[in-house]
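Numbering (the UniProt record's numbering), first residue to last: 1 to 99.
Heads up, the thing below is written out as structure tokens.
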């Protein structure tokens, strides 16, 4: 499922699917690698996140792995997600101490 779709964005569609069918495994396939999109996808219930341009073999392996119960976020994307969490945490600490 793509994050950007014509009638409904993939994050909202993922959320609806996983609320109705909690055992469903959703793989987000997108061009976006922004931390916010990844975090929203995971919060919506996505079990995998893959860039569209990863290649056929990587796509097949990832689809199989996610279907088998594994979670997948590429290393370069997860690094940005962790950096985003660190930045949010630092901002929260600054606000807490300034408060």
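For every residue, glycine included, the Cβ atom is placed at its ideal position computed from N, Cα and C.
In this text, all values refer to a predicted model and were calculated from it rather than measured experimentally.
Rounded separation between residue i and residue j - CA only
i: residue 69; j: residue 46; result: 12 Å
i: residue 58; j: residue 8; result: 26 Å
i: residue 106; j: residue 79; result: The shown model of the chain, from 1 to 99, leaves out residue 106, and the question about it has no answer.
i: residue 10; j: residue 82; result: 22 Å
i: residue 19; j: residue 73; result: 21 Å
i: residue 76; j: residue 55; result: 16 Å
i: residue 13; j: residue 67; result: 18 Å
i: residue 2; j: residue 87; result: 26 Å
i: residue 94; j: residue 60; result: 44 Å
i: residue 23; j: residue 48; result: 14 Å
i: residue 6; j: residue 92; result: 35 Å
Expected contact under 8 Å - CB spacing of residue i and residue j to nearest Å
i: residue 44; j: residue 15; result: 4 Å
Residue i, buried or exposed, once every other Cβ within 10 Å from all chains shown has been counted against 16
i: residue 41; result: buried
i: residue 53; result: exposed
i: residue 62; result: buried
i: residue 64; result: exposed
i: residue 50; result: buried
i: residue 101; result: No answer is possible for residue 101: it lies beyond the span of the chain, which begins at 1 and ends at 99.
i: residue 21; result: exposed
i: residue 96; result: exposed
Problem set entry | Every unbroken alpha helix (DSSP H) within the segment 3-87, with a cutoff of 4 residues, ordered by chain | 10-20, 35-43, 56-67
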